[in-house]
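S.K.:
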Amino acid sequence: MRNDHVTLRSTAVFDLLAPQAPAVPVQVELRYDTQDPYAVVAAFRTGRAGWVEWVFARDLLADGLIAHAGEGDVTIRPAVDDPEVVAVELSSPSGHAVFEASAQELADFLDRTYDVVVPGNENLWVDVDDALTRLLPFDMG
0 MRNDHVTLRS TAVFDLLAPQ APAVPVQVEL RYDTQDPYAV VAAFRTGRAG
50 WVEWVFARDL LADGLIAHAG EGDVTIRPAV DDPEVVAVEL SSPSGHAVFE
100 ASAQELADFL DRTYDVVVPG NENLWVDVDD ALTRLLPFDM G
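Here numbering that gives the first Met the number 0 is used: the first residue of the sequence shown is 0, the next is one more, and so on.
(1) Taking just the CA atoms, how far does Phe43 sit from Pro24?
(2) With three or more beta-carbon pairs closer than 8 Å as the criterion, would you say the segment 101-121 touches the segment 59-73?
(3) Output the residue ranges of the alpha helix (DSSP H) runs that lie fully inside the segment 12-69 and measure 4 residues or longer, sorted by chain position.
(4) Relative to the alpha-carbon of Pro36, which residue among Gly119, Asp14, Val84 has its alpha-carbon at the smallest distance?
(5) Look up Ala96 in the DSSP assignment and say whether it is helix, strand or coil.
(6) Look at Ala100 and Phe13 and say whether their C-beta atoms are less than 8 Å apart.
(7) Given a threshold of 16 other Cβ atoms within 10 Å of its Cβ, counted over all protein chains shown, does Trp124 qualify as buried or as exposed?
(8) Assign Leu135 to one of three DSSP states: helix, strand, or coil.
(9) Under 8 Å by Cβ, that's how I've got Val115 and Val5 pegged, so tell me the actual separation to the nearest angstrom.
(10) Under a three-way DSSP split, which group does Ala147 fall into?
(11) Please check the pair Arg76 and Ala68, which I expect to be a contact at CB under 8 Å, by giving their CB distance rounded to whole angstroms.
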């Protein structure tokens with residue numbers, strides 16, 4: 000496990016799409032943390048003090064920049080009519096949302112994560128003993 004912990008942050012504006020309504024700009028903070036090297040966090044600003052966080056695989060973001068990716072709560076794909084735009088679709092029991100984002104901004108963020116943790120080397124950043132300690136109950140008796 001590596002000890003030189005790094006957290007990357009980037010802000011972006013995603014457009015929330017709604018049928019028969021103009022797009023609504025939403026502030027988004029993208030985060031990548033070497034303590035969870037397989038994941039990306041997208042925190043969506045919901046109001047003056049509110050944020051909703053979605054965590055998904057870094058590989059999902061990479062794949063979604065090229066072609067439709069994801070089968071669950073998060074899907075990412077290039078926009079049909081504009082190669083410079085990526086659609087991010089989020090689904091949960093409380094709702095469904097589709098956003099459009101700049102493909103270049105997402106690719107730049109992804110490239111920064113690759114500068115910190117090379118794809119395929121994520122396992123070098125995971126402390127398996129620590130993860131097991133947090134998952135297993137302290138009293139096994």
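Beta carbons: idealized from backbone N, C-alpha and C, even for Gly.
It should be emphasised that the depicted structure is a prediction, and the values quoted were computed from it without experimental measurement.
M.R.: Walking through what the data contain:
(1) Cα to Cα, Pro24 sits roughly 11 Å from Phe43.
(2) Flag = yes, the segment 101-121 and the segment 59-73 touch.
(3) 57-63
(4) Gly119
(5) strand
(6) Cβ distance < 8 Å, so Ala100 and Phe13 count as in contact.
(7) buried
(8) coil
(9) 5 Å
(10) As displayed, the chain neither begins before 0 nor continues past 140, which places residue 147 out of reach and without an answer.
(11) 7 Å
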